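>
Residue numbers (this note's numbering), protein chains in the order written: chain A, 1 to 457; chain B, 1 to 1041.
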């Protein structure tokens, strides 16, 4: 039994009862789609449609549709990939790590955060496939499968292969974890369902959940096990993504600081994305009682802390470049800050290092409008961080004759839009048809941490 | 049941039960059924056969119903005796175009010429080639070539063309036959027959004329020809605007000679000193030890001053004003008879002074041989100018353009074109092999063969002959120009091959005593491709002997007598040229790749970057850094600007390239671009600079010193360069160079030897590795590139392109930085900034030192690309070659990112059979062009990575040949395309496991000398070594801006 101090801010406000929880969350699934939702979905689908054209042209004509060149082999493709994977970190961190640390406040945000994680990873997965010259082969040749091609095997030395394993593992564990958490809530919706289709669909989705004590016990156990499995994955995914760069010989990539730096950056951007989405959902669905200002503040603190870690990492990089005495390393960092891409570096520094420091002020970190703006700023900054690492390191490496500039094409933009369309389409479908807050778990904290209970005491 | 007494029978046979019946009844089937032959032994078809037939029938019927793609592979019905599929044949031949000469070997596969190699039997070109020579094989398969004769723009047959032409010629008064320089004595004989038959005159012009050089030698020495230069004997070379390595007279030959003076090693620690006084930074100027940018108007005065300096005077004010002029004079005087002064000027008075200088220095008879004249340029500007005015006046009745295009490539071409268009000439005949600007204005086009389809002989220098033989049957209904002329002249022998042989039988056969049978003599000469009377007819390419004979050939005669009035010339020159610092001066030059523009429709040459500016696909105006600043012009990456260039009354809007090393107050434009009837590749690329050439007193002047105006057009323009960063940023692991003075003291001068700090103290990067290394039990291929010999000529770039089926991508894709060159030549300028001043290091100095560095896959023994490929598509071979498996590649481009040398190239698009590239990558997009593809090399698919393979197909071919003959491959037998094309022998390729190979010998000699590995400290352990660049500068001299 968890004892909460009365001084602690309540996690659920406005005297919500268990029935209210069921009602508030389920009604969104049961009611007819609102025009606002329809509009949002239509915009997402439009984005997806335009993006699909860009993807089609890329697949049909070749990577030449993008702005990449002989010097800059990776640009927006891998920038977007790392960016989306980074965003996909918050969900698992919230659901797994915070579960292990018994952070009850996670209950009202973990569902949406995990959904976001999964969708972000789906978006991220588009790029390793699309960026290949021959994705129709690469999509399966990169897997170590038994074959009759003359027993061709993959190269276990290659960090790209490690990526394949890291991301696919992360994706499958996250998906299972998310789905397991959804089962009790699906059962609730099934029980309330009136239409035959809803009954059948939610019935199937809830996998025969019966709400028995034994079932609940198994549910808790599985959640714990999965949380234990998922926790190292939170660290491993971005660590391995960072190996793509860290194991290379390119100045600006060849850096041992990358794994912790990338993980901190990923949590940083992931939380920012969760905030962006939750602030909107909360407003539109009227979930202010569940996602309170306390939640927002706690997440802002995490953003501030990880933002500071990232800032320290940036400065460490500069220091190490100077301290190493390696001419190329020094030039790479000087070129980042003062070369032709100085504006990207400046954007990154401003968005990622300076802006999160605003959250030292309680007034700002409890201000929803400010938080919303900053959450977007952080993700802009994190996109530029990856752009800076990838493009500005490559564009001027060892041999000056090959130095080049990168300029994106409409198709670079289009493919990026494609993933946005995909992400929001999935997210809006989720928000309509799935319970956006984990009812079962929120109910579990009502007794201990809701405003009603605290008043009663 | 009891036995039934009743008997039933089937027939009387059973009843009678005769033995025959009994025998038959024991068999299950009657005899006449084909059952007994089931085993198939009986010879007839069996049941199984029936099933087989049925199966085949069904399969065949259903297959026949499928639409099979039409493939145009036609097998030999009767295999030619000497053509074996997949075995190349080599034929010695000769490239001679517009007086540019190269003795070649043509590689053919299944009867198709696919590659040009240098001919090592030639004592002129000695196995070297140049970019235009290499690329000429694609011109054979150019779809812009004419397929049959044309009469008044309509397709016609030869009979009707001949009829009409003869009718026209018979009635014509004042016939002119116009050509570029012709090196072939037999062709000249044919032209003589033709002109004597119709009473005409032969006019010779050159698109880049050396008339003044010829004329000056006529006046001074009574020999109206270009002399034979022997750069290899010169210790001091002084050039005034002559781009002798790039476009002057005989570039392959001169590159070869020049490079011999630039070789260094433990045994030879001296090299020539090269001074260049010029306006535009040329490829030759890039190689100079001392380069002094001068205005064109100063050139004459500078030469005059040099004359005064070498003949004991003080040279006057100009000698003080122009840097290095006095120093050059001092060096020349110290090397009398071992020096050479050349000038690119087309002013006769200036060339006379140059002759006087060389004569004063005693260079005639040693480094210059006028007793053995060369025929590289024979154009007579004055007669050409007269011809144009005759045409304009309507005094010419008939004109035959013999494979030349004066409407485009002559200064007065536009006027000539107007006259032709205005029907000032009654009978207009072009013998061009394609529709060009001149042919388009002619009534009759009698297309000649490509040179690879033709027989011919050549005499590039007096008494040095070579033969050209066809390497393929004529592809189209063309007719060799000589044959056309012979048939029009009504000669007894119209078969040019017979004509040629007859001439050789009577003229040349007797000039040797070794072989008594003419056919044997002919075959021998055909085999080696060259014939020099007095030189043994060897069939073994014995290089030692070749060099010996080269020495004998080098015996120049006694010094000829110089007659001239040099002081008068000096006065004349000083009057002609007045330098006005306010006036912009224009230099018109021609490029190494495109040259006059004759081969402009050749995409390999269009995509070949200019060695100095690195611009592809077009020409531009070069402008000095100071002037650019003055005009507010900037050049950043591909972004440039347009200016309005006015010369006299011609104004053109042209793009700008800011050129370090360009003399202030001057601008430069190159010829060869802006063609309008050339073919889909060349049409409307760049601008036509021929109209800028001034004709003064009938002589073409390539420098315009007055009436030039430049205005900023305030218009942005994108210019496609393969290299946009000019300097090497002081990176000593990339470029290592020194001066000769330092090198003579220390062979390791200029070497940078990085060490890695470890716990055990500083260590050589080669001693540290994470990897176990590779074993090379059999071969270990390696390459040494001498940066001191490399002149940047780019023959290797084009040779690599051809050998390896590298796609051409076109201007837009070069702008996108996606050119596919496996081998590139990096060109770096020096900077005046201090090491550490990164912003300053990006700026080249005003008059930079230039270093060329051929860069290709380094075939690292610890290759960064190999470890990162997720599907092991790039691997290390047991012979040290880093190899690409195209069909395994999935195109992640990780290898390219991780390549420190940035030599990997990605197929961003499908470059073959793609209409988007049909106008640029012609050798992969039309049936004709595809004939040039090397069948030994895959045409890569979209989405895969490619890069230099060390010409693995040549390695395998060589190994196979040796294996068949039961021996080890001999050094020099296996050689990459780049090394084989190099006219300066800067690239040496071979087996590092073979202790006798040239590579090993060179590396042993240079191990404690000039040999270094680029980016050694990363630990990639390349198999490509570079030798430091050494400049012949005095040690006390600092780099001057």
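Glycine included, each C-beta is placed from N, C-alpha and C at the ideal position. On a predicted model such as this, the values are computed, not experimentally measured, just so you know.
Could you check the C-alpha separation between residue 906 of chain B and residue 133 of chain A for me, to the nearest Å?
So the two alpha carbons sit approximately 9 Å from each other.
> Which residues, in chain order, does the stretch 784-801 of chain B contribute to contact with chain A at a C-beta distance below 7 Å?
Cβ contacts with chain A: none found.
> Does any C-beta atom of chain A lie closer than 8 Å to the C-beta of residue 773 of chain B?
For residue 773 of chain B, the answer is no, since every Cβ of chain A falls outside 8 Å of its Cβ.
> Leaving out five residues on either side along the sequence, give the residues of the same chain with a beta carbon under 6 Å from the beta carbon of residue 80 of chain A.
If we look at residue 80 of chain A and ignore the five residues flanking it on each side, its Cβ neighbours are 127, 416.
> On a CA-only basis, which of A:297, A:390, A:19 is nearest residue 362 of chain A? Give me that one, please.
When only C-alpha atoms are compared, the closest one is A:297.
> Beta-carbon of residue 869 of chain B versus every beta-carbon of chain A: anything under 8 Å?
Yes, its Cβ sits closer than 8 Å to a Cβ of chain A.
> Would you kindly work out how many angstroms separate the C-alpha atoms of residue 109 of chain B and residue 472 of chain B, rounded to a whole number?
Approximately 10 Å between the Cα atoms of the pair.
> Is the stretch 175-190 of chain B touching the stretch 480-493 of chain B, taking contact as three or more C-beta pairs under 8 Å?
Result yes; three or more Cβ-Cβ pairs closer than 8 Å.
> Closer than 7 Å, Cβ to any Cβ of chain A: which residues of the stretch 1012-1039 of chain B, in chain order?
If the cut-off is 7 Å between Cβ atoms, the stretch 1012-1039 of chain B has 1015, 1018 near chain A.
> Roughly how many angstroms lie between the CA atoms of residue 76 of chain A and residue 384 of chain A, to the nearest whole one?
Using only the alpha carbons, I get a separation of about 10 Å.
> According to the neighbour-count rule (16 or more other Cβ atoms, all chains shown, within 10 Å of its Cβ), is residue 803 of chain B buried or exposed?
Buried, since its Cβ has 16 or more Cβ neighbours within 10 Å.
> How close, in whole Å, do the beta carbons of residue 730 of chain B and residue 645 of chain B come, if the pair is a contact with beta carbons under 8 Å?
Incorrect: roughly 36 Å between the Cβ atoms, too far for contact.
> Using only the alpha-carbon positions, how far apart do residue 817 of chain B and residue 490 of chain B sit?
For residue 817 of chain B and residue 490 of chain B, the distance between alpha carbons rounds to 57 Å.
> Are the C-beta of residue 134 of chain A and some C-beta of chain B separated by less than 8 Å?
So yes, residue 134 of chain A belongs to the interface.
> Between which two residues does the alpha helix (DSSP H) carrying residue 377 of chain A extend?
First-last of the alpha helix (DSSP H) with residue 377 of chain A: 368-387.
> What residues from chain A crowd round residue 855 of chain B, counting only those whose CB sits closer than 9 Å?
Per Cβ cutoff of 9 Å: 399, 401, 402.
> Let me check one thing: in DSSP terms, what residues is residue 786 of chain B bridge-paired to?
B:1027, per the DSSP bridge assignment.
> The beta strand (DSSP E) with residue 974 of chain B in it runs from where to where?
Segment: none, residue 974 of chain B is in no beta strand (DSSP E) and carries neither H nor E.
> Given that residue 388 of chain A touches chain B, what residues does it touch there, using C-beta distances under 8 Å?
Per Cβ cutoff of 8 Å: no residues; residue 388 of chain A is ~15 Å from chain B at best.
> For residue 365 of chain B and residue 463 of chain B, what's the separation of their Cα atoms in angstroms?
Spanning the two alpha carbons is a distance of roughly 17 Å.
> Please report the distance separating the alpha-carbon of residue 604 of chain B from that of residue 107 of chain B.
Rounded to the nearest angstrom, the two C-alpha atoms are 18 Å apart.
> If you measure from the beta carbon of residue 729 of chain B to each beta carbon in chain A, is any gap under 8 Å?
Yes, residue 729 of chain B counts as interfacial toward chain A.
> According to DSSP, is residue 905 of chain B part of a helix, a strand, or is it coil?
In the structure shown, residue 905 of chain B sits in a strand (DSSP, three-state: E or B).
> So if I threshold CB-CB distances at 8 Å, which residues from the stretch 871-899 of chain B count as touching chain A?
Hits within the stretch, in order: 871, 872, 888, 889, 890, 891, 892, 893, 894, 896, 897, 898.
> Does chain B have any CB closer than 8 Å to the CB of residue 159 of chain A?
For residue 159 of chain A, the answer is yes, since a Cβ of chain B falls inside 8 Å of its Cβ.
> What residue range does the alpha helix (DSSP H) around residue 123 of chain A cover?
110-130 is the span of the alpha helix (DSSP H), which, as asked, contains residue 123 of chain A.
> Beta-carbon within less than 7 Å of residue 385 of chain B's beta-carbon, same chain only, minus the 5 sequence neighbours each way: which residues are those?
The answer, listed in chain order, is 412, 695, 698.
> Using the C-alpha atoms, what's the distance from residue 163 of chain A back to residue 192 of chain A?
Cα to Cα, the separation comes out at about 43 Å.
> Hey, out of B:525, B:689, B:312, B:519, whose CA is closest to residue 586 of chain B's CA?
With distances taken between Cα atoms, residue 586 of chain B lies closest to B:689.
> So which of A:78, A:33, A:92, A:11 has the shortest CA-CA distance to residue 412 of chain A?
Per the Cα distances, A:78.
> Going along the stretch 48-65 of chain A in order, which residues come within less than 8 Å of chain B, judged by CB to CB distance?
Correct list: 61, 62, 63, 64.
> Name the residue from B:860, B:378, B:452 whose alpha carbon lies nearest to the alpha carbon of residue 113 of chain B.
Nearest of B:860, B:378, B:452 to residue 113 of chain B, Cα basis: B:452.
> Interface residues of chain A around residue 755 of chain B at Cβ under 8 Å?
Within 8 Å Cβ-Cβ: nothing; residue 755 of chain B doesn't reach chain A, min ~11 Å.
> Tell me, please, which residues DSSP counts as bridged to residue 754 of chain B.
According to DSSP, residue 754 of chain B bridges with nothing at all.
> Leaving out five residues on either side along the sequence, give the residues of the same chain with a beta carbon under 8 Å from the beta carbon of residue 461 of chain B.
Answer for residue 461 of chain B: 124, 228, 372, 373, 374, 375, listed in chain order.
> Check distances from the C-beta atoms of the stretch 67-78 of chain A to those of chain B and list, in chain order, the residues that come in under 7 Å.
Cβ contacts with chain B: 69, 70, 71, 73, 74.
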